[in-house]
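Student: Encoded as structure tokens, here's the structure I'll be asking about.
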Amino acid sequence: FGLTATTEPLHGQPTRNPNNLDHSAGGSSGGAAALVAAGVVPIAHGGDGGGSIRIPAAFCGLIGLKATRGRLAKMASSKRMPVKIATYGLLSRTVRDTAAFFAAVDDGSDTLPAIGKVEGPSQARLRVGKFVDGPFGHDVDPAVREAVESTARRLEGAGHTVIDIEPPYTESLADDFLLHWGFMAAGVVMTMRLSKSTDASKLEPWTRGLARFMAKRWWKVPAAIVRLRRFGDQYAKVFEGCDVILSPTTGAPAPPIGHLSPGLEFEAKLERIYRLLPYTPVQNASGGPAISLPVARTSDGLPVGIQLAGPSGEERRLLELAFELEDGLVGPVPVD
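In structure tokens form, the structure reads like this:
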């Protein structure tokens, strides 16, 4: 539960996308996103350990903000993780609601600047670093590419400077990230095997596959953890040349139900995740904030999200820029 980017349990019904019921709501906060997109609730809390707020936001046409590591210390979700890659955040339909939530819950930090009350765009003009292609050489959906490029044109038209940058990945980041989650999955598997009241054979193939992935490379885990802990310093250097990073949130709009089925064998699902979702883990590894905004819609009604990412502690900068873009956001399809 919570280990994958969809909300389609093997032993239950899938959570469907209110914009198109044949498609996924994303995950792992897909249920929260579907409720907000359907208008059942105005906002919903989410957890993000690899994109689990931003991915459902992009798929469902919502605003999804992942906070800086340590921002919501009293709500910390990753105290037992070797690297604190998971944090909380919000799914909402408006930038205003997102800004109000963070102004209310920001619990103060000795190391992070306060977000404060953000009520509109800033007058500051920013240097925006843009990239579209992910690290694995897969094609990006044309609708996603155009969403990023059209956002870049809009920002340039508003006086911001947009430059092309290299994707902020390291060669080992994907494997290091997977090893970390494999380490966590192995703990789940071991706990269930030792328990007399649970049956480890009922774990989904993805959970078991993550644990096997780690078990076959267990000697690499300590070095992977060290690299992940240092990644934030490498990531911070990107912002020596720009103020904000603009990229896709996902490589394509929401896939059909079943595309990321929990019944898929591990290797097949991993390939699909690499193709569809290479962007969001960067901010989990670095600890920096990132927000997904729904800026376009496909011909079959699926939202398309772009991601803005900032340096550690700069949620305010992201919210101010999101306010500037808000009148062009598409939002979820109204539900009858």
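In this text, residue positions in the sequence shown follow my numbering: the first is 2, and each later residue adds one. Just so it is clear, CB atoms sit at the ideal spot from N, CA and C, and this is done for glycine as well. For clarity, every value in this text was computed on a predicted model and none was experimentally measured.
(1) List the endpoints of the continuous beta strand (DSSP E) containing Q308.
(2) I think P10 touches P263, with their Cβ atoms under 8 Å apart; what is that distance to the nearest whole Å?
(3) With N285 as the anchor, note down where its beta strand (DSSP E) starts and where it stops.
(4) Can you tell which of P168, G52, P279 has its C-alpha closest to the C-alpha of G252?
(5) Is the Cβ-Cβ distance between G90 and D49 less than 7 Å?
(6) I need the DSSP call for H24, collapsed to helix, strand or coil.
(7) Please state whether the Cβ-Cβ distance between D111 and P257 is less than 7 Å.
(8) Taking the beta strand (DSSP E) that I166 belongs to, which residues open and close that run?
(9) Compare the C-alpha of A255 against each of R273, E266, D244, L265 and name the closest.
(10) Contact between the segment 240 to 247 and the segment 122 to 134 is defined here as three or more beta-carbon pairs at a separation below 8 Å; is this criterion met?
(11) Quick check: what's the CA-CA separation for F178 versus P223?
(12) Counting only runs that start and end within the segment 49 to 78, where is the alpha helix (DSSP H) found for 4 or more residues in a row?
(13) For Y89, which residues does DSSP report across the bridge?
(14) Around the Cβ of R137, are there at least 16 other Cβ atoms within 10 angstroms (buried) or fewer (exposed)?
(15) Hey, T281 and G32: beta-carbon distance below 7 Å or not?
(16) Between the C-alpha atoms of L92 and F103, what's the straight-line distance to the nearest angstrom?
(17) Among residues of its own chain, excluding the 5 on either side of R298, which ones have a beta-carbon nearer than 7 Å to its beta-carbon?
(18) What does a CB cutoff of less than 7 Å around A68 pick up in its chain, not counting 5 residues either side in sequence?
(19) Excluding the five sequence neighbours on either side, which residues of its own chain have a C-beta within less than 7 Å of the C-beta of A286, listed in chain order?
(20) Please name the residue, chosen from A187, Q284, V190, R209, that lies closest to D234 on a Cα-to-Cα basis.
(21) Quick one: what does DSSP say G130 is sitting in, helix, strand or coil?
Tutor: Let's see:
(1) 304 to 310
(2) Indeed, because the Cβ distance is near 6 Å, the residues count as touching under 8 Å.
(3) Element bounds for N285: not the beta strand (DSSP E) but the alpha helix (DSSP H), 282 to 287.
(4) P279
(5) yes
(6) strand
(7) no
(8) Note, I166: premise wrong, no beta strand (DSSP E); not H, not E.
(9) Checking every option, the nearest Cα to that of A255 belongs to R273.
(10) yes
(11) 12 Å
(12) Listed in chain order, they are 55 to 61.
(13) Answer by DSSP bridge pairing, in chain order: G48.
(14) Contrary to the premise, residue 137 reads as Phe rather than Arg in this sequence. Under this definition F137 is an exposed residue.
(15) Not a contact, by the Cβ cut-off of 7 Å.
(16) Roughly 11 Å between the two C-alpha positions.
(17) P304, V305, V331
(18) Closer than 7 Å at the Cβ level, and outside the excluded window around A68, lie T88, Y89, G90, P290, E316.
(19) I86, L174, F178, L229, F232
(20) For the set A187, Q284, V190, R209, the Cα lying nearest the Cα of D234 is the one of Q284.
(21) strand
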